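**Q** Under this note's numbering, the letters of the sequence shown match residues 40 to 205, in that order.
Don't be surprised by glycine CBs; every beta carbon is placed ideally from N, CA and C.
Values in this document were obtained by computation on a predicted structure and should not be read as measured data.
My questions all concern the structure below.
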Amino acid sequence: MAPALSYFHDIHAKEFAAAASRSKSLHRSWVHPPTTRQGAEELASRRQGPNDYGYLIRDYETGKIAGYIEITNIVRGQFQSAYLGYYMFKGFERLGYMKWALQTIIATKAWKELKLHRLEANIQVGNAASIALVQSLGFQQEGYSPRYLKIGGRWRDHERWAILCK
């Protein structure tokens, strides 16, 4: 069965922080999600719209948080664009959950509900699994940005991948 999706609210903060703590070795230099309840509450409060949204991926069988997706920095007007971020938690990686969840979020939230025209995913150079994932979803590489984002205290190079609403 497919996983389930829900909005990320502060009531999920304790469970989210615990999942992020267990996943530090999985995330390595790619992402640094909050590992404290307070940090997770702050993230959830920043992802309630109208320019930023957070979604939880839950394992269908256990109901546990399996991953996270966010659509952020929504720009309206003539642009209708946003950024896409995502990661799984330890024990749920490589099960196909993220591909299903991204397909669902893009089709139902980004295109239909938010009426976006474009989504951009910035992926660190060397993150082959994430690059393969967005390629499989139809994203096209648009460029390379040296020292694009500061993650884990270091400026990191990223590839820019984007998809347009059809």
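1) Where Val173 and Gln77 are concerned, what is the direct C-alpha to C-alpha distance, given to the nearest angstrom?
2) Just reading off the alpha helix (DSSP H) that Lys53 is part of, what are its end residues?
3) What does the Cβ neighbour count give for Tyr136, buried or exposed, with the cut at 16 atoms within 10 Å?
4) Where does Gly191 sit, in a helix, a strand or coil, going by DSSP?
5) From which residue to which residue does the alpha helix (DSSP H) around Leu153 run?
6) Do Gly177 and Ser68 have their C-beta atoms closer together than 9 Å?
7) Glu132 by DSSP, collapsed to three states: which one?
8) Classify Ser62 as buried or exposed, calling it buried when 16 or more other Cβ atoms lie within 10 Å of its own Cβ.
9) What are the start and end residues of the beta strand (DSSP E) that includes Leu44?
10) Would the region 118-126 and the region 147-159 be scored as touching if the rule is three or more Cβ pairs under 8 Å?
11) Can you give the beta carbon distance from Pro73 to Ala56, rounded, assuming they're within the 8 Å contact cut?
12) Taking a contact to mean a Cβ-Cβ separation below 9 Å, would you say Leu95 touches Phe47 in this structure?
13) Check Ala177 in the structure and name its three-state DSSP category.
14) Going by the CB atoms, is the gap between Tyr99 and Ile110 shorter than 9 Å?
15) If you draw a straight line from the C-alpha of Gln117 to the C-alpha of Lys154, how long is it?
16) Between which two residues does the beta strand (DSSP E) harbouring Ala105 extend?
17) Rounded to whole angstroms, how far is the Cβ of Leu82 from the Cβ of Ile108, which I believe are closer than 8 Å?
**A** On the basis of the supplied data:
1) 31 Å
2) 52-61
3) buried
4) coil
5) It is not in any alpha helix (DSSP H) - Leu153 carries neither H nor E in the DSSP assignment.
6) no
7) coil
8) buried
9) 43-46
10) yes
11) 6 Å
12) yes
13) Checking the sequence, you will find Gly at residue 177 rather than Ala. If DSSP states are grouped into helix, strand and coil, Gly177 belongs with coil.
14) no
15) 12 Å
16) 104-114
17) Between Ile108 and Leu82 the Cβ distance is about 13 Å, and since that is not below 8 Å, they are no contact.
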